[in-house]
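Asks:
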Amino acid sequence: MTKRIPFIAGNWKMNLDHQQGIALVQKLDWTLKDAAHNYADAEVAVFPGFTSLRSIQTLIDADGLEIKLGAQDISAYDSGAYTGEVSGQALKKLAIDYVLIGHSERRQYHNETDEVVQAKVAAAFRHNLVPVICVGETLEELEAEGAAAVPVRQTLAALAGHDALGEFVIAYEPVWAIGTGQIATPEQAASVAKKIRDAIATEFSEDVANKTRILYGGSVKAANVAGFLRSPEVDGVLVGGASLDAVEFSGIARFQKHLDL
Ligand code: 13P
5 MTKRIPFIAG
15 NWKMNLDHQQ
25 GIALVQKLDW
35 TLKDAAHNYA
45 DAEVAVFPGF
55 TSLRSIQTLI
65 DADGLEIKLG
75 AQDISAYDSG
85 AYTGEVSGQA
95 LKKLAIDYVL
105 IGHSERRQYH
115 NETDEVVQAK
125 VAAAFRHNLV
135 PVICVGETLE
145 ELEAEGAAAV
155 PVRQTLAALA
165 GHDALGEFVI
175 AYEPVWAIGT
185 GQIATPEQAA
195 SVAKKIRDAI
205 ATEFSEDVAN
215 KTRILYGGSV
225 KAANVAGFLR
235 SPEVDGVLVG
245 GASLDAVEFS
255 GIARFQKHLD
265 L
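Sequence positions in the sequence shown follow our numbering and run 5 to 265.
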């Protein structure tokens, strides 16, 4: 079976200007170096806002940091008259590896449908960016359909109709657990991750399912991360609020230290 390297991703959302972003990445790097973090044990990526990407890319490049860089969105189009959009080509030029697609805040506030998400995933594949496809149910959907139905449906919709699948990551973020402190249990997260993986195996192949990393997101902190990552089904976490604090986020990245506790 393919070894999946745990992925610790920090979604800064609409927080921090580029100077604050540089300071945070520097502090994160020092903190992880101090703790002798081995990036082969857990990959660490930050997802700043668009205006910070260039500065942080320059820092990563100049100082040879092992922290990876991601964007929070991508245009479905490659170029042209789409005011305010950012193309995959422009992101790739900044040595960006990952792009968040279909975060529940975008689905909710920017009317991103499954079709839009699918088109953005296609754009990421065209530009050799790894989409981190966010899926998750609202409280109403949880009550009506259980936990896995919506995330599985959203996953398959995002992956449908591509000529070839590139590498992708799925982030399961129950909407009711985002920024609320109301966290899914490790068992709930593992059970939904398994159902998503089984659906990918059925729709595509065991091989694709085995190599795909499935993350949990929603009120993750250093104090609760180990519970999620103890399950072999959960391959990492997508962190919002706690990723804005370098010490807290590095504590999350070093989750392996808490696994035996
Ligand atoms: P919080 O960690 O702040 O709950 O946010 C989760 C999230 O939406 C990450 O994308």
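Note that beta-carbon positions come from the ideal geometry of N, C-alpha and C, so glycine has one too.
#1: Just the C-alpha distance for F259 and F11, rounded to the nearest angstrom, thanks.
#2: Taking 8 angstroms as the threshold, find out whether the region 195-202 comes into contact with the region 215-224 through three or more Cβ pairs.
#3: To the nearest whole angstrom, what separates the beta carbons of V125 and P135, a pair I think is in contact under 8 angstroms?
#4: How far does the alpha helix (DSSP H) with K17 in it reach, from first residue to last?
#5: Just confirm the distance between the C-beta atoms of G185 and S247, as a whole number of angstroms; I'd bet it's less than 8 angstroms.
#6: Taking DSSP's pairing of strands, which residues face G74 in a bridge?
#7: Among F54, G170 and Y43, which has the Cα closest to the Cα of K72?
#8: State yes or no: is the C-beta of H114 nearer than 8 angstroms to some heavy atom of the ligand HEM?
#9: Quick check on S209: buried or exposed, where buried means 16 or more other Cβ atoms within 10 Å of its Cβ?
#10: For the beta strand (DSSP E) holding V136, just list the boundary residues, first then last.
#11: Can you tell me the Cα-Cα spacing of D239 and C138, whole angstroms?
#12: Among T206, L160 and E145, which residue has its Cα nearest to the Cα of W180?
#13: So does A194 have its beta carbon nearer than 8 angstroms to some heavy atom of the ligand 13P?
#14: List the DSSP bridge partners of D173.
#15: Should G231 be listed as close to the ligand 13P, given that the test is whether its C-beta is under 8 angstroms from any heavy atom?
#16: Please determine, among A152, L95 and A13, the residue with the shortest C-alpha to C-alpha distance to I78.
#17: Cutting at 8 angstroms between CB atoms, please list the residues of its own chain near I187, excluding the five before and the five after it.
#18: Using the Cα positions of S83 and S59, report the straight-line distance between them to the nearest angstrom.
#19: Examine the ligand 13P and report whether any of its heavy atoms sits within less than 8 angstroms of the Cβ of I182.
Replies: On the basis of the coordinates in this document:
#1: Taking the straight line joining both Cα atoms gives about 11 angstroms.
#2: Taking 8 angstroms as the limit for Cβ pairs, the verdict is that the region 215-224 does touch the region 195-202.
#3: Between V125 and P135, the beta carbon gap of about 5 angstroms places them in contact (Cβ cut-off 8 angstroms).
#4: No alpha helix (DSSP H) holds K17; DSSP gives it neither H nor E.
#5: Not quite, the Cβ-Cβ distance comes to about 15 angstroms (not below 8 angstroms), so this is no contact.
#6: Y102, per the DSSP bridge assignment.
#7: Ranked by Cα distance from K72, the options F54, G170 and Y43 are led by Y43.
#8: Ligands displayed in this structure: the ligand 13P; the ligand HEM is not among them.
#9: With fewer than 16 Cβ atoms within 10 Å of its Cβ, S209 is classed as exposed.
#10: Run containing V136: V134 to V139, per the beta strand (DSSP E) assignment.
#11: About 14 angstroms.
#12: Among T206, L160 and E145, the Cα nearest to that of W180 is on E145.
#13: At a cut-off of 8 angstroms, the beta-carbon of A194 does not count as near the ligand 13P: no heavy atom of the ligand is closer than that.
#14: According to the sequence displayed, residue 173 carries Val and not Asp. Beta-bridge pairing by DSSP links V173 to V136 and R217.
#15: In this structure, G231 has its CB at a distance of at least 8 angstroms from all heavy atoms of the ligand 13P.
#16: When only C-alpha atoms are compared, the closest one is L95.
#17: If the five residues before and after I187 are omitted, its C-beta is found closer than 8 angstroms to the C-beta atoms of A181, G222, S223, V224 and N228, all from its own chain and listed in chain order.
#18: The alpha-carbon separation between S83 and S59 amounts to approximately 23 angstroms.
#19: For I182, the Cβ falls inside the 8 angstroms cut-off from some heavy atom of the ligand 13P.
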